[in-house]
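In this note's numbering, the protein residues as written are 40 to 299.
Here's the structure we're looking at; comments come further down.
Below, the structure written as structure tokens:
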């Protein structure tokens with residue numbers, strides 16, 4: 040786990056240790072931890088099993104993770120039928136490397152009447168250079184054993200991503216997410232750090248649910264999405280994590296004035 044993420048996600052680290060895990064630190068963030076895990080794996084094949092937690096890396100890791108995560112979409116279809124007697128009109132999920140989005144979307148790929156909307160991290164703004172909006176401004180390249188869209192410079196060197204939601208701080212997306220972009224089956228937009236924080240605070244106040252800052256990017260996009268929909272449209276947002284781990288970050292940023 041990256042040292043920067045260990046610092047920001049101290050409650051998660053403590054939970055893992057309490058459950059018996061050994062947490063090895065790597066200088067950097069999420070992408071650096073993946074690099075070191077793959078490096079350790081290929082150097083110790085007889086004794087090491089590489090278990091990916093997201094839809095990136097060499098085949099078959101992206102396929103395996105997508106298959107396991109697809110329970111999200113299957114549950115969504117079943118519950119939508121129970122609640123509404125049909126399908127959702129729009130599915131919305133945050134996109135970092137893409138595992139939670141793909142888990143939600145995959146079940147509905149064949150349902151052309153269901154819109155699939157992914158929301159990337161615009162960080163401090165797309166022009167700031169401090170963001171994780173791979174699909175918005177990235178180019179195709181190879182990283183961690185697969186070809187996909189990446190944040191890279193003119194020399195093909197990987198750029199440092201940024202997002203207030205550390206789970207979105209990855210300089211690429213899974214190859215299947217890239218396919219959904221190129222095929223036009225899914226739409227992708229962005230939300231800034233500030234918009235995500237405001238959405239997190241708003242859901243907490245209105246529903247008593249504290250969402251993770253990653254998922255808050257998807258929630259933030261509702262302000263732009265909902266006014267464009269017909270009355271009665273059914274929207275499902277994948278609230279893919281709890282915000283307990285982000286409380287320190289929220290406190291450090293202070294309460295948005297609009298919610299004070």
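No residue lacks a Cβ here, since even glycine has one placed at the ideal position from N, Cα and C.
Whole runs of the alpha helix (DSSP H) within the region 132-198, excluding any shorter than 4 residues: 138-144, 173-176
Under the three-state reduction of DSSP, which class applies to residue 286: helix, strand or coil? helix
What does the Cβ neighbour count give for residue 299, buried or exposed, with the cut at 16 atoms within 10 Å? Because the pLDDT at residue 299 is just 46, under 50, the model does not fix this residue reliably, and the value given afterwards should be weighed accordingly. Answer is exposed; the Cβ neighbour count stays below 16.
Leaving out the 5 sequence neighbours to the left and right, which residues in its chain are closer than 8 Å to residue 56 when beta-carbon positions are compared? 62
Tell me the residue span of the alpha helix (DSSP H) that contains residue 115. 110-123
Distance check for residue 240 and residue 247, CA to CA, integer angstroms please. 10 Å
Can the beta-carbon of residue 265 be found less than 9 Å from the beta-carbon of residue 127? no
Taking DSSP as the reference, what is the three-state secondary structure of residue 208? coil
At least three beta-carbon pairs within less than 8 Å, the region 198-212 to the region 57-77: yes
Suppose you measure from the CA of residue 112 to the CA of residue 213; what does that come to, to the nearest Å? 17 Å
Outcome for residue 98 when other beta-carbon atoms lying within 10 angstroms are tallied against a minimum of 16: exposed
Alpha carbon to alpha carbon, how far is residue 84 from residue 296? Give it in angstroms, no decimals. A caution first: residue 296 carries a pLDDT of 49, below 50, which makes its placement in the model unreliable, though a value can still be read off. Answer to the nearest angstrom: the Cα atoms are 53 Å apart.
Use the C-beta contact count for residue 193: other C-beta atoms within 10 angstroms, 16 or more gives buried, fewer gives exposed. exposed
Should residue 151 be listed as close to the ligand SAM, given that the test is whether its C-beta is under 8 Å from any heavy atom? With respect to the ligand SAM, the structure shown offers nothing to examine, as it has no ligands at all.
Span separating the alpha-carbon of residue 228 from that of residue 146: 21 Å
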